[in-house]
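J.: Its first residue numbered 720, the sequence shown is counted upward by one per residue in my numbering.
This is the structure, below, for whatever I ask next.
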Amino acid sequence: MAAGVELQGVSLRYPGGPFGVRGISLAAAPGEVVAVVGPSGSGKSTLLRLVAGLERPTEGRVRIGGRDVTDLPPGERDVAMVFQGYALYPHLTVAGNLAFPLRMRRVPRRERRRRVAAVAAMLGITELLPRRPATLSGGQRQRVAIGRAVVREPACFLLDEPLSNLDARLRERIRGELARLLARLATTTLYVTHDQVEAVALGHRVAVVCAGRLRQVGPPEALYRRPADCFVAAFLGSPGMNLVRAQVERGAEGVGLALGGARLAPPPGLAPRLRPGPVVLGFRPEAARPAATGLRAVVAAVEPLGHETVARLVLPGVAPVDPEAPERRLPGEAAAAIRLAA
720 MAAGVELQGV SLRYPGGPFG VRGISLAAAP GEVVAVVGPS GSGKSTLLRL
770 VAGLERPTEG RVRIGGRDVT DLPPGERDVA MVFQGYALYP HLTVAGNLAF
820 PLRMRRVPRR ERRRRVAAVA AMLGITELLP RRPATLSGGQ RQRVAIGRAV
870 VREPACFLLD EPLSNLDARL RERIRGELAR LLARLATTTL YVTHDQVEAV
920 ALGHRVAVVC AGRLRQVGPP EALYRRPADC FVAAFLGSPG MNLVRAQVER
970 GAEGVGLALG GARLAPPPGL APRLRPGPVV LGFRPEAARP AATGLRAVVA
1020 AVEPLGHETV ARLVLPGVAP VDPEAPERRL PGEAAAAIRL AA
């Protein structure tokens, strides 16, 4: 049965240096896949290393299946980690690589063969068993690396950017296979990626990390529709949410948002909560509609992407917001319907 994973107020500070992660509390329920997403250097991989026991927190506790494993070595934590670089043994065959963790645990030979055969069939790599890693493609190597983790039947999987070395088409195919595999195994999984598409496709919940801090965690749709702060708003989505400075005004016509010489009506559910003063206005690209009148914009660039075309607009007199600015939180309803005229 799958075990849950919990980090309780975990921090890691490098000697004489900065924090790798700071004050992170995150839990994955038994059988749940939590995708940890964020930019490079945000602390995503450090979280996995803390769970695996490859790093020890300077503060906080790590629990797996309700058991405190903070002070246990990696071999006693019952986790399996898949690295970005495959980490296959070149002198062993595929069968040997799959069986290696079982040999280290002194699993009887007959049981090893049974489990290797079952995992190979599950991943569609049975015909690869006699081959060595050097003769495999990138996708085949990744399947073997995943299979080596699966064959252990661990309490949880830790996947660290497992698809980042693959080309776009192969990454999409393996992502679909991996989603089906994780659903079938129902094993608690922490999946680290910088690719938000992967995070949304694979995670029951998504945890957004930036600069070593957990910015928000929740179901993908909730994060997209109700981001907790400017970073999450701008990071999720392609393109991300537009963030501009506006002024809340109250007048005879009610509450309005003033920006760029125009006055916009906020969503009805948001208007009662607004108070006069400066605010950050966030709206998704799909919320903008061309119009004969309204907020004036200048088209700076047009990017045809095949299935859609992205227009980069400049709003004269409107100040954009830096999404990296800390502790800037958005109102409850982040998306506003806005009409734009080019």
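Glycine is no exception: its CB is placed at the ideal position from the N, C-alpha and C atoms.
#1: Can you tell me whether M960 is buried or exposed? The criterion is at least 16 other CB atoms within 10 Å of its CB, across all chains shown.
#2: Skipping 5 residues on each side, what residues in its chain have a beta carbon closer than 8 Å to that of H810?
#3: How far does the alpha helix (DSSP H) with Q803 in it reach, from first residue to last?
#4: Give me the Cβ distance between L942 and V963, rounded to the nearest whole Å; I'm assuming they're in contact under 8 Å.
#5: Could you give the first and the last residue of the continuous alpha helix (DSSP H) run that contains R890?
#6: Could you spell out the range, first to last residue, of the alpha helix (DSSP H) harbouring I865?
#7: From the DSSP secondary-structure annotation, give me the bridge partner or partners of T912.
#8: Give the single residue among G1013, P793, E972, S883 whose Cα lies nearest to the Cα of A874.
#9: What's the gap between the Cα of L901 and the Cα of F876?
#10: Would you mind sorting Y805 into buried or exposed? The rule is 16 or more other CB atoms within 10 Å of its CB.
#11: Excluding the 5 residues flanking V999 on each side, which residues of the same chain have their C-beta closer than 8 Å to its C-beta?
#12: Could you round the C-beta distance between A701 and G866 to whole angstroms and report it? I think they count as a contact, below 8 Å.
#13: Assuming L882 contacts Q859 (C-beta within less than 8 Å), just tell me the rounded distance between them.
#14: Does E940 come out as helix, strand or coil in the three-state DSSP assignment?
#15: When you compare each of M841, V911, R741, G1036 to R903 by their alpha carbons, which one comes out closest?
#16: Does DSSP put G919 in a helix, in a strand, or in coil?
#17: Closest to A864 by CA distance: which of A814, R829, R832 is it?
#18: Using the C-alpha atoms, what's the distance from L731 back to L773?
#19: Let me check one thing: in DSSP terms, what residues is C929 bridge-paired to?
#20: Rounded to whole angstroms, what is the Cα-Cα separation between R833 and A818?
#21: So within the stretch 768-814, which uninterrupted alpha helix (DSSP H) runs reach at least 4 residues, ignoring any that extend past its ends?
#22: Assuming contact is defined by CB atoms lying nearer than 8 Å, are E917 and A746 in contact in what I supplied?
#23: For I743 versus L726, is the C-beta spacing smaller than 8 Å?
#24: According to DSSP, simplified to helix, strand and coil, what is N961?
#25: Whole angstroms are fine: how far does the CA of P1004 sit from the CA of P958?
T.: The short version:
#1: On the sequence shown, residue 960 is found 241 positions in, with the first residue counted as 1. It is buried - the Cβ of M960 has at least 16 other Cβ atoms within 10 Å.
#2: By one-based count along the sequence shown, residue 810 stands at place 91. So the list reads R851, once near-sequence residues are dropped.
#3: Taking the sequence shown and counting its residues from 1, one reaches residue 803 at position 84. Segment: none, Q803 is in no alpha helix (DSSP H) and carries neither H nor E.
#4: As a first step, residue 942 must be located in the sequence shown, where it is residue number 223. As a first step, residue 963 must be located in the sequence shown, where it is residue number 244. That pair is no contact at about 21 Å.
#5: Within the sequence shown, residue 890 is the residue found at index 171, counting from 1. Taken as a continuous stretch (DSSP letters only), the alpha helix (DSSP H) holding R890 covers 887-904.
#6: As a position in the sequence shown, residue 865 is number 146, starting the count at 1. Residues 857-869.
#7: Translated into the one-based positions of the sequence shown, residue 912 becomes position 193. Answer is V756.
#8: Taking the first residue of the sequence shown as position 1, residue 874 is located at position 155. Sorting G1013, P793, E972, S883 by C-alpha distance to the C-alpha of A874 places P793 at the top.
#9: Taking the first residue of the sequence shown as position 1, residue 901 is located at position 182. Taking the first residue of the sequence shown as position 1, residue 876 is located at position 157. About 9 Å.
#10: Sequence index remark: in the sequence shown, residue 805 carries index 86 (1-based). Its Cβ being crowded by 16 or more others within 10 Å, Y805 is buried.
#11: What you label residue 999 is simply residue 280 of the sequence shown in a count that begins at 1. For V999, where only same-chain residues beyond five positions count, the Cβ hits under 8 Å are C949, L962, V963, R964, A965, V1040, R1047, L1049.
#12: The structure shown does not extend to residue 701, since the chain is modelled only from 720 through 1061, so no value can be given for it.
#13: If you number the sequence shown from 1, residue 882 lands on position 163. If you number the sequence shown from 1, residue 859 lands on position 140. Not a contact, Cβ separation roughly 13 Å.
#14: In the sequence shown, the residue the question calls residue 940 occupies position 221. Reduced to three states, the DSSP call for E940 is helix.
#15: Mapped onto the sequence shown, residue 903 falls at position 184. Closest by C-alpha distance to R903, out of M841, V911, R741, G1036, is M841.
#16: Position 200 of the sequence shown, counted from the first residue, corresponds to residue 919. For clarity, residue 919 is Val in the given sequence; the question names Gly instead. V919: helix per DSSP, three-state reduction.
#17: Numbered from 1 along the sequence shown, position 145 holds the residue referred to as residue 864. Of the listed residues, the one whose Cα sits closest to A864 is A814.
#18: Position 54 of the sequence shown, counting from 1, holds the residue named residue 773. Position 12 of the sequence shown, counting from 1, holds the residue named residue 731. Computed Cα separation, rounded: 12 Å.
#19: What you label residue 929 is simply residue 210 of the sequence shown in a count that begins at 1. DSSP lists R932 as partners of C929.
#20: In the sequence shown, residue 833 corresponds to position 114, counting from 1. In the sequence shown, residue 818 corresponds to position 99, counting from 1. R833 and A818: Cα-Cα distance of roughly 10 Å.
#21: Within the stretch 768-814, complete alpha helix (DSSP H) segments of at least 4 residues are not found at all.
#22: Mapped onto the sequence shown, residue 917 falls at position 198. Mapped onto the sequence shown, residue 746 falls at position 27. No.
#23: Stepping through the sequence shown from its first residue, residue 743 is reached at position 24. Stepping through the sequence shown from its first residue, residue 726 is reached at position 7. The answer is yes: Cβ separation under 8 Å.
#24: For the purposes of this step, residue 961 is taken as residue 242 along the sequence shown, with counting starting at 1. Strand.
#25: Locating residue 958 in the sequence shown gives position 239, where the first residue counts as 1. Locating residue 1004 in the sequence shown gives position 285, where the first residue counts as 1. The straight-line gap from Cα to Cα measures roughly 7 Å.
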